[in-house]
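Reading through the structure tokens given below for one structure.
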Amino acid sequence: MEDYNWDIEEHLTYRRIWGCGERLPNLLRPHSRIWPNDPLKIKDYCDQLLEGTDEQFRLLTLSCCAASALLSARPYREKAFQWLRTKTLPGDIGLPFKSWRGISSWRWIRVHIPLLSPHTGKGVIIDVMLGMGDGEVSPPWTTWVEEVLDETAREAIARVAERVSQEQTDLKLFFWPIMGLHERTFITGKSLALSVYLGWKSLAAGLTAPPLAATGAISREDSLDVVEGITEKAIAASRHGLRGFLYPKGCSIDAHENLSIELIPVEDLSEAEALWRFYSPGTVASVIHATNRSAPLHSRLIYLTDIPIGLLKWLQKNKLCLEDMMREGLTDEGTAENFVTRLEQILVDLRCPLESIEFLLSSISPEMIEDVGSRRPDIAFRACEAGVVCFNHLGNSREAEKWSGRATSLIPLIAPMQGAEAKIFLLQNLGIVQEHNRFLFDPLVEQRLSNELVECLKHMEKELLYRRMTTPNAVSHDLGAFYGTISQNYGFCGPAYIYSFEGTIEKAMNAFGGGSVSGTAHNDWQRQHSYRVYAYLDAGRYDEAERALAEYLNCGAIHQYQPDNNSFRHAALMRFLAQTRHSSHEYFKWASRRLASVPGRHPWQLWLYNLGCLKEADENLMRAAWTRSASICLNQGGETLKVMALLPLSALYSNGLAGADYLEPRVEGILKTIETGVLNSRHFNLLLSARNWEDSLHITAEKAPTLFPFSYR
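If you count the sequence shown from 1, you need to add 4 to reach this note's numbering.
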């Protein structure tokens, strides 16, 4: 965004050449990246920044540094406040706190408030720091706030604070506009209320502010009142680099060539909060289409699949009855087929969040599947397969089994239909994956296939050979998927079955075209290399694992890998680096900066676990990576993910980075899940026979390759 790329070093360089006057606006844009890379240099840089400055520049610099420190992570925050304590008191810049320690103990968020300039009539963006914390602070805003806010604006903020305080009764609130001593924008009216409300609500929820601006007055009934200057404010937000602009639906806005921003009209406070909290580009358009009751139902259902889970839940509670939409939509064959096709497309692209699909599937009852199955069993069967795939990916074996059972009940109806063999074959595949999710690894699974499936397999192999007589690059996705699953099964069974693994993985890669075919087949072929990475790592064949990894990463050597958005590539690379103790300083730097921001879903929990195992990791990184890994395992999936938390928990325990009060309840909960859930308890006999939770962690650390084989660590 505009004005948020500056840093102190650049500012100093510019000032030496041109003087400080032209760069004063930078200081109105505090952010977390103004500091030098080395936190120890903060004092020296900031001292230079103050040298030879007048009072206006000095106070604005101190204010900007204080706000930036509050937005920064440790150790930048600590070093900045150490410097501030030697230069000034909070009261000198209008903050009625007794000490910098008191300010830094609060939580803070920066919001961008769009306003109309009383001088020019144009829109401007003012940055405001909003605080929330313990202890009385009086007044609840900067001591000079009356110089920049009229009485109506102050009353609007006070009402918002009162409203938020009703939900956060034990916490106090603070309002701090970032402004210079001179040429301040005088704020009038109630339009800042919506921004301030949304900012404090985000702070209460532990969220950062989205790249949005919001304007609107709030009535006592939670409705939004019309405000002026919508077009001018939207233009200012657009020029500021913000992505979206929220405003009351009753306001008019003019078309303008400089208006490159997503316009988000909202009906009430509840809708504004939902769209602010769960915003992502394109989300608003999906919500508008999904809630448009005059639009065709098939398109409304499709748009639902693009909406984040939090917003879907809000829509279900406030605007839509998903069950009714599904029931009506699935009665129409065309609508049902389009919706199921969309689910299948999403489930192929595993970069997409699955939580929304899980939520939508939960609104489809067994009766709906039965009704669709009576008319179009093939569509019903595909919907069930989508359910199995979704819940397998989420590690939720219970739900996967339910959907598998529904699919199995439809087999007699689809058996006479064209293409039924492939569908039934896929269901068999998914059944093996379900067994893997339950930690049930059977090396004889291939030998135990039914005669019907064996004959089907032979027929598919002959058919592929026949097609290749005329089309050498012909592929069979069904054959490739089957042999890929069988290969994974041998991989889970351990190094003793490495030769069986190699035989079936070759068949899978051949069925996908051996790398000579582009498109989906090439991606499927390339994915088989990831299975080779894990199998060779488990077998201790590190050179072969490295070659397979280079193929999977699609680069000549692993150190040449340019990080992309394929989570499974990241997981394979991190596992390789952790187990082989290879060094990759560039990737380590890339990874350590993203520890807190990677998605909270599979396979990132294993990526985080292995990040903590890298030889470059220090204790702080280990603790952070393993704690977040455990949190994802315990909170973001089913039983399969939950039991994987033993890996980071055992690492925390072995390295003395967590105490019994943190570890014991989590380990005991996992062991109870193994005893009473759907997981294969025999696989975990060693853990279940342990004397206590500490013994369980010792066993996990010692037997990790056995307990969590192949791609499960």
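Glycine included, every Cβ here is placed at the ideal spot set by N, Cα and C.
None of these values were measured; they are calculated from a predicted model.
Residue i, enclosing beta strand (DSSP E) - first and last residue
i	result
G127	G127 to G137
F179	K176 to P181
Residue range of the alpha helix (DSSP H) that includes residue i
i	result
W407	S401 to S413
A70	E59 to L74
L216	Run containing L216: none in the alpha helix (DSSP H); it sits in the beta strand (DSSP E), L216 to A218.
I674	A664 to T680
L308	L301 to L308
H293	T287 to A294
C617	W608 to C617
L207	A197 to A208
K646	E643 to M648
G660	It is not in any alpha helix (DSSP H) - G660 carries neither H nor E in the DSSP assignment.
Q320	I313 to N322
D51	I46 to L54
C637	E623 to N639
F282	Unbroken run through F282: none, as it is neither H nor E.
E327	L326 to L334
E706	W697 to L711
Which residues DSSP lists as bridging residue i, in chain order
i	result
Y251	P269
H116	D131
L153	I191
W145	F179
A600	Bridge partners of A600: none, in fact.
I222	L228
R579	DSSP, once it has assigned bridges, lists no residue as partnering R579.
R111	M136
Beta carbon of residue i nearer than 8 Å to that of residue j
i	j	result
L667	W697	yes
A299	V344	no
V682	R410	no
F443	H606	no
P285	R346	no
Y305	T335	At residue 305 the sequence reads Leu, which differs from the Tyr that was named. It is not a contact, given that the beta carbons lie outside the stated cut-off.
L99	S36	no
G210	Y251	no
L120	G233	yes
T704	S633	no
Y80	P43	yes
K205	E277	yes
L577	L618	no
I436	N493	yes
I97	A73	no
F178	G135	yes
T192	T146	no
W608	P567	no
G642	M626	no
Cα-Cα separation between residue i and residue j, rounded to whole angstroms
i	j	result
P713	D482	26 Å
G544	N689	25 Å
L308	L273	22 Å
M5	L216	Confidence at M5 is low in this model, with a pLDDT of 44, below 50, so the placement of that residue is unreliable and no value is reported for it.
Y591	P652	21 Å
M183	L64	7 Å
G314	Q451	45 Å
Y535	L610	15 Å
G399	S290	28 Å
T508	R695	41 Å
I373	A384	6 Å
S587	I562	11 Å
I636	T57	49 Å
R224	R167	9 Å
I107	S169	19 Å
A496	H526	Here residue 496 is Phe; the residue named in the question, Ala, does not match the sequence. Approximately 24 Å between the Cα atoms of the pair.
R379	S413	15 Å
T287	L599	26 Å
G137	I113	12 Å
S370	L557	Here residue 370 is Pro; the residue named in the question, Ser, does not match the sequence. Approximately 41 Å between the Cα atoms of the pair.
I311	L93	47 Å
K462	L448	18 Å
L701	C68	47 Å
Contact with chain E by residue i, beta-carbon distance below 8 Å
i	result
Y556	Absent here is chain E; the protein component of the structure consists of one chain.
>> Please give me, in chain order, every unbroken run of the alpha helix (DSSP H) with length at least 4 that falls completely inside the segment 347-389.
In response: 359-366 and 370-379
> Hey, which unbroken runs of the beta strand (DSSP E) at 3 residues or more fall wholly within the segment 462-490?
Replying inline: none
>> I'd like the ranges of any alpha helix (DSSP H) spanning at least 4 consecutive residues and lying wholly in the segment 476-564.
In response: 481-496, 502-515, 524-542 and 546-557
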